[in-house]
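If you read the sequence shown in the numbering used here, its first letter stands for residue 29, the second for the next number, and so on.
Glycine residues also receive a C-beta, built at the ideal position from the N, C-alpha and C atoms.
To keep things clear, I will list the structure first and then write my remarks on it.
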Amino acid sequence: MHHRTSRRTLLTATAVTAAAAATGVVAVPGAARAAGTSTDSRLKRLIARMSLEEKVGQLFVMRVYGHSATAPDQADIDANLDEIGVRTAAELIARYHVGGIIYFAWAHNTRDPQQIAGLSNGIQRAGLAGPTPVPLLISTDQEHGIVCRVGEPATLLPGAMALGAGGSRSAARAAGRIAGAELAAVGIRQNYAPVADVNVNPANPVIGVRSFGSDPDAVAGMVAAQAKGYQGAGIAATAKHFPGHGDTSTDSHTGLPYIHHTREQWAELDAPPFRAAVAAGIDSIMTAHIVVPALDPSEDPATLSHPILTGILREELGYDGVVVTDALGMEGVRTKYGDERVPVLALLAGVDQLLNPPDLSVAWNAVLQAVKSGEISVARIEESILRILRLKTKLGLFRDPYVTARGVDRTVGVRAHLAAADRIAEHTTTLLANNGALLPLSRRSHRNLLVVGADPASPSGTTGPPTTTLAEAFGELGFTATALSTGTAPSPAKIAEAVAAARDKDAVVVGTYNVSATSSQRTLVGALAATGVPVVTLAIRNPYDIAHLAGTGYTASLAAYSWTDVELRAAARVIAGRADPEGRLPVPVQRADTPTQTLYPVGYGLSYRTYA
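Spelled out as structure tokens, the structure:
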């Protein structure tokens, strides 16, 4: 869809008539969720008309390769045939009647906004062409910060920990509203955000800056605010990962993490953000592939745990919205049971949506057989289908599942959104050290800059690299800046090159990325400082880097919480004095040599007003 197309053209009379005839539902925002409403009665009649295969399909949310629902590139056709046994998204929907599709950049679903909108419309046409016409719920992981599937020219906003550093719930809500409006404009109506995990473990390999912070109450406030922002823009927000993934040292993508919190610790540390999300009316909650023995002594992962999902989430927290699994291809959920048992056990535990199984045929047929054998009752899956259809109704998908080229142009990456993203980011950069009041840098005394450091791949594939972005931002601010990528593990030769490049500069800015005690990034900072040129370090991911840079001789140090352009531009403005560093640490930074001692507490952050 690369040309302007009217809504009348996109929304074919046949499809609209089919959807209306199938449901009799005219959706309005905030449509009643409670059982027994007239909407529920209509949805139950729709469910009764579904075949068992269609009912099973509604429970699945699946990936598919390609930029088009009907005419993807040959390489994507081959990938679909290899992994799913179909050629296209339309064939996937026709064969398996899936209730949702998840978009990924690596699956070539998100090339540009107009293309995404065209793909979404093609998917909806396929859903409404089925025996029982039902629109699909299209989803993605658009957390912003370090997890982003839709890139520029869409607006990219600060991620969760940056927002936590800013400390403004209104900013979190505004970010959610902007992000939600742009997702809705391209047909994505369920976002797997915000992250509700409380990151109390600095060694957490999978959450980190995806969390708003380490204080449960602060995280709870930000989660509720951002959920309201997303849902106010007409998309479903998803609090994740229940019952809380913040204190793990294992990545559930590659292993099965254990959390050894007591029940009391869970209630105090992990539960508050999810309670807040439920109170805020969150549309969906995602499960975690983690073991919490205090919550379920069987040591089943939470995704497959009836005591956790039904006993705690449904009954104790009173949640009756949609529960979606984390991706079923992750190792954490596959460790204990085979791929044919996982979806069955998840449904028995209380899940509604089964996300991205590694082999759809195996998972789909396993659920189908479990229902036919009586292991899962028809009533049980109809309970989940009703929740899913209620959400589709609330989002207006039965009324109008399509989007328009004009709507994309009016919404995605517009000037007002981009300006708001810059304003929000400007309040998040945290200044941790400023020896001799070096910052803000003066163009009179420190005009000639060298920017070196890590250049991790762009989260969305559309921004960066960070050293270039920073150098260009300094150039726009009136400095002369040279970029030199030294990587996350600079070699002796690369360090020597950086030292040579620094000798005629007025200051060096080093972008650091998850520095450890043995990291050669530490060697780089020390070697640059030894030249006598002032060194400013900027942590472009986790804010804990400064603890491992002790003794290297840096002059000033800041945390940006991500390496996306919006956060790097904001950091450059702070370093140059065009903005005051207003961010405050949302997590504590422990000493590297004595981890039981706090180097910088939650709430720490310097201001230039300190030196005024």
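Assuming residue i and residue j make a contact with CB atoms under 8 Å, what is their CB distance in whole Å?
i: Leu383; j: Ala407; result: Wrong, their Cβ atoms sit about 23 Å apart, outside the cutoff.
i: Gly611; j: Ala193; result: 4 Å
i: Ala511; j: Leu596; result: Their Cβ separation, rounded to whole angstroms, is 12 Å, which puts Ala511 and Leu596 out of contact at 8 Å.
i: Leu566; j: Ala599; result: 6 Å
i: Leu419; j: Asp311; result: 6 Å
i: Pro571; j: Thr457; result: So it is not a contact: roughly 11 Å between Cβ atoms.
Exposed or buried, residue i, counting other C-beta atoms within 10 Å across all chains shown (16 or more means buried)?
i: Gly4; result: With the chain covering 29 to 640 only, the question about residue 4 has no answer from this structure.
i: Ala76; result: exposed
i: Pro371; result: buried
i: Glu171; result: buried
i: Leu80; result: exposed
i: Arg434; result: exposed
i: Gly402; result: exposed
i: Gly481; result: buried
i: Thr622; result: exposed
i: Gln254; result: buried
i: Trp134; result: exposed
i: Gly360; result: buried
i: Pro244; result: buried
Is there a C-beta anywhere in chain C that falls below 8 Å from the one on residue i?
i: Leu345; result: You won't find chain C in this structure, because it holds only one protein chain.
Assign residue i to one of three DSSP states: helix, strand, or coil.
i: Gly158; result: coil
i: Met250; result: helix
i: Leu596; result: helix
i: Gln618; result: strand
i: Val563; result: strand
i: Leu286; result: The sequence shown places Tyr at residue 286, rather than the Leu named in the question. Here Tyr286 sits in strand by DSSP.
i: Met314; result: strand
i: Ser218; result: One detail in the question is off: residue 218 reads as Gln in this sequence, not Ser. If DSSP states are grouped into helix, strand and coil, Gln218 belongs with the strands.
i: Tyr628; result: strand
i: Met189; result: helix
i: Gly633; result: coil
i: Phe21; result: Here the chain covers residues 29 to 640 and nothing more, so residue 21 does not appear.
i: Gly257; result: helix
i: Val602; result: helix
i: Val89; result: strand
i: Leu382; result: strand
i: Gly173; result: coil
i: Thr138; result: coil
i: Pro571; result: coil
i: Gly58; result: Reliability of the predicted coordinates at Gly58 is poor, the pLDDT of 36 falling under 50, and the value obtained from them is presented with this limitation in mind. Coil, per DSSP.
i: Gly581; result: coil
i: Ala50; result: Residue placement at Ala50 cannot be trusted, given a pLDDT of 42 that sits under 50; what the coordinates show is reported in the next sentence. In the structure shown, Ala50 sits in a helix (DSSP, three-state: H, G or I).
i: Gly441; result: coil
i: Thr98; result: coil
i: Thr338; result: helix
i: Thr508; result: strand
i: Ser333; result: coil
i: Val228; result: coil
i: Ser198; result: helix
Just curious, the alpha helix (DSSP H) that residue i is in, first and last residue?
i: Lys522; result: 520-530
i: Ser548; result: 548-557
i: Tyr131; result: Element bounds for Tyr131: not the alpha helix (DSSP H) but the beta strand (DSSP E), 128-131.
i: Asn497; result: Looking at the sequence provided, one finds Thr at residue 497 rather than Asn. Taken as a continuous stretch (DSSP letters only), the alpha helix (DSSP H) holding Thr497 covers 494-504.
i: Val395; result: 388-401
i: Ser66; result: 66-77
i: Ile166; result: Counting along the chain, Ile166 falls outside any alpha helix (DSSP H), though it belongs to the beta strand (DSSP E) covering 165-168.
Between which two residues does the beta strand (DSSP E) carrying residue i extend?
i: Leu460; result: 458-462
i: Val479; result: 476-481
i: Gly85; result: Per DSSP, Gly85 belongs to no beta strand (DSSP E); it is in the alpha helix (DSSP H), 80-86.
i: Leu414; result: First-last for Leu414: 406-422, but that is the alpha helix (DSSP H), not the beta strand (DSSP E).
i: Phe270; result: 266-270
i: Ala584; result: 584-587
**Touching by the beta-carbon criterion (3+ pairs, under 8 Å), the region 313-329 and the region 279-297** = yes
**Asked** Using 8 Å as the Cβ pair cut-off and three pairs as the minimum, do the region 161-172 and the region 574-587 touch?
**Response** no
**Message:** Pairs of beta-carbons, one from the region 474-494 and one from the region 587-602, closer than 8 Å: are there three or more?
**Reply:** yes
**Prompt:** Looking at C-beta atoms only, is the number of pairs between the region 537-556 and the region 509-518 that lie closer than 8 Å three or more?
**Reply:** yes
**Asked** Do the region 424-431 and the region 111-127 touch if we need at least three Cβ pairs shorter than 8 Å?
**Response** no
**Request:** Please confirm if the region 179-199 is in contact with the region 102-117, defined as three or more CB-CB distances below 8 Å between the two stretches.
**Result:** The answer is no - the region 102-117 does not touch the region 179-199, with fewer than three Cβ pairs under 8 Å.
**Prompt:** Is there contact between the region 203-215 and the region 471-478, where contact requires at least three CB pairs shorter than 8 Å?
**Reply:** With fewer than three CB-CB distances shorter than 8 Å, the region 203-215 does not count as touching the region 471-478.
**Item:** the region 188-207 in contact with the region 228-241 per 3-pair CB rule at 8 Å
**Value:** yes
**Request:** Pair every Cβ in the region 433-447 with every Cβ in the region 324-335, then say whether three or more of these pairs are closer than 8 Å.
**Result:** No: the two stretches stay apart, fewer than three of their Cβ pairs being nearer than 8 Å.
**Message:** Can you confirm whether the region 461-475 touches the region 611-620 when touching is taken to mean that 3 or more C-beta pairs between the two stretches lie within less than 8 Å?
**Reply:** no
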